[in-house]
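*Asks:* What follows is a single structure, and I will ask about it in a moment.
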Amino acid sequence: MKVQISIQKRRYKGKITGYTVVPCQIVNGVRKRIGCKTFKTEAEAKAYKKALALSIESGRQALPNTITVKKVAEIWLESKKADNKETTYESYRTKVYKYIIPMMGDKRVQDIRKSFLKKYLSSLVSKHGFSRSSIGHHRTILQGIFEEAVDNDIITVNPAVGLKIPKQAKKPRSMELYSIDLLLEFLEKIKPFKMATMIILCLYHGLRRGEACGLRWSDIDWEKGIIYVRNQRTTVKGKLVEGPLKTANSERKLYLTDRSTAILRAELERQERNKKLLGSAYHDTGYVLVNDNGLPYNPNSRSNEMAKILKKLDFPPLVLHGLRDTFARINYDSGMNILELMRAMGHSEMRTTYSYIEKLKEANYVSSSNVDKVISEAASAVNKESEHISSGTIDYTYRKSKFIVMDFPSKFVRRASNN
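This note's numbering puts the last residue of the sequence shown at 422; the count rises by one with no breaks.
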């Protein structure tokens, strides 16, 4: 491929107003213009022409082109489609089309500088109030898009590398949790509701709502008293999607408590009664959390139902994920170390758990004499010397595990666990 660079005079009413450097590619004998840059003086134009020719020849600069950020972003998105879960891909797609393309989509990739990208990240704070975590996700996407441009010889240096998150980016809001006393009252009052099964799974075992909705009866080993977490149901663009867990470490096994065993058996009996009552109209889907007709729940509907129940019972607002947060807080306060908690929560990295704990410390979590009594009970429980545990494909052995789980309605039972 050959490149020719010429200088063209610009005129207005017969007078020369500038000098334009025009690089062109020669492909199969056809001359194609690939950009231009105008200067006020001929000397400046000649100097730029010489520097451009040397840079292209040495490989320090990519050939000038008009490829836009939108074009490269779409190429990058397409490359991510096959390698990521649908939920992850949709998260990328939303950020690209809702924020990145409107801000810079029509700009040439070669015109983007690091200073511009810094302003973009700052705008996410000033205009949208994004947290540091959210801005970090945008930064990752930008780095991927411009690395795609480097790989395709559109630019030679990735301007998104080394970008820092703006200092003014807000920290995530502190988590809202119930006190132990309020939690025990809540657990007593939700007994008549069908939501009780999901609430127990999220609170006693730290399940995400998608993990709870994706749980099947085949994932429960009644003889060993174990729940295997290995699937989830999520909503993508309004469509229910069933697939793998959030991360590889999310696949784990959890020991059932007496309370969770009892409520799961009661739920299984309820489904058996409905199956006999409805006959062929019943959908035997195999899920633990289902409607009366056997069809599995949409995770979003469970969040809405939780809000309705709290309002009806006149309890303070608490999202379903807040039950998972409470699970983490109780175990942390009861002495579980960070590594154990990371495995229990299904986090992929310990720094995620550290960050989680810092947010939990800021939570509205009221201490009481009841809490002290509960922790004292748990601390005096008899420790098993060891428990051999399997999580995914990795085996762990805990020595004197301090994994504390709640046993309904008013005490804690200490169990070694592989969560």
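Even for Gly, the Cβ is constructed at its ideal location relative to N, Cα and C.
I need the boundaries of the beta strand (DSSP E) containing residue 30, first residue and last residue.
*Replies:* 18-30
*Asks:* Just to confirm before moving on: does the CB-CB distance between residue 71 and residue 109 stay below 7 Å?
*Replies:* A contact, by the Cβ cut-off of 7 Å.
*Asks:* Is the beta carbon of residue 180 sitting closer than 7 Å to the one on residue 355?
*Replies:* no
*Asks:* Going by C-alpha distance, which of 208, 228, 235 is nearest residue 331?
*Replies:* Cα-wise, what sits closest to residue 331 is 208.
*Asks:* For residue 16 and residue 49, I'd like the C-alpha separation in whole angstroms.
*Replies:* Rounded to whole angstroms, residue 16 to residue 49 spans 24 Å at the Cα level.
*Asks:* To the nearest angstrom, report how far apart residue 291 and residue 342 are at their CA atoms.
*Replies:* 29 Å
*Asks:* Say the cut is 6 Å; is the CB of residue 247 nearer than that to a heavy atom of the ligand ADP?
*Replies:* In the structure on display, the ligand ADP does not appear, and there are no ligands present to speak of.
*Asks:* Take residue 47 and list the residues in its own chain whose beta-carbon comes closer than 8 Å to its own, dropping the five residues that flank it on each side.
*Replies:* 22
*Asks:* Can you tell me whether residue 5 is buried or exposed? The criterion is at least 16 other CB atoms within 10 Å of its CB, across all chains shown.
*Replies:* exposed
*Asks:* Apart from the five residues just before and just after residue 99, which ones in its own chain have a Cβ nearer than 7 Å to its Cβ?
*Replies:* 76, 80, 144
*Asks:* For the alpha helix (DSSP H) holding residue 253, just list the boundary residues, first then last.
*Replies:* Counted as a single uninterrupted DSSP element, the stretch harbouring residue 253 is not any alpha helix (DSSP H), since DSSP gives it neither H nor E.
*Asks:* Under the assumption that residue 28 contacts residue 37 (Cβ atoms under 8 Å), give the Cβ distance between them as a whole number of angstroms.
*Replies:* 5 Å
*Asks:* Please determine if the stretch 162-172 and the stretch 275-290 are in contact, where contact requires at least 3 C-beta pairs separated by less than 8 Å.
*Replies:* no
*Asks:* From the DSSP secondary-structure annotation, give me the bridge partner or partners of residue 235.
*Replies:* 246
*Asks:* Is residue 299 helix, strand or coil by DSSP?
*Replies:* strand
*Asks:* State buried or exposed for residue 132, treating a residue as buried only when at least 16 other CB atoms are found within 10 Å of its CB.
*Replies:* With fewer than 16 other Cβ atoms inside 10 Å of its own Cβ, residue 132 counts as exposed.
*Asks:* I'd like the span of the alpha helix (DSSP H) that includes residue 35, first residue to last.
*Replies:* First-last for residue 35: 33-36, but that is the beta strand (DSSP E), not the alpha helix (DSSP H).
*Asks:* Does the stretch 262-269 come within contact of the stretch 189-206, defined as at least 3 CB pairs closer than 8 Å?
*Replies:* yes
*Asks:* Can you give me the start and stop residues for the alpha helix (DSSP H) that residue 9 sits inside?
*Replies:* Counting along the chain, residue 9 falls outside any alpha helix (DSSP H), though it belongs to the beta strand (DSSP E) covering 5-15.
*Asks:* Within the continuous alpha helix (DSSP H) that includes residue 41, where are the two ends?
*Replies:* Note, residue 41: premise wrong, no alpha helix (DSSP H); beta strand (DSSP E) at 40-42.
*Asks:* Assuming residue 52 and residue 8 are in contact, meaning their beta carbons sit under 8 Å apart, how far apart are those beta carbons, in whole angstroms?
*Replies:* 5 Å
*Asks:* When the distance is taken between beta carbons, is residue 151 closer than 7 Å to residue 78?
*Replies:* Taking 7 Å as the cut-off, the Cβ atoms of residue 78 and residue 151 count as close.
*Asks:* Within its chain, find whatever has a CB closer than 7 Å to the CB of residue 243; leave out the 5 residues flanking it on each side and keep chain order.
*Replies:* 236, 301
*Asks:* Quick check on the burial criterion: 16 or more other C-beta atoms within 10 angstroms. Buried or exposed for residue 141?
*Replies:* buried
*Asks:* Quick check: what's the CA-CA separation for residue 344 versus residue 257?
*Replies:* The straight-line gap from Cα to Cα measures roughly 12 Å.
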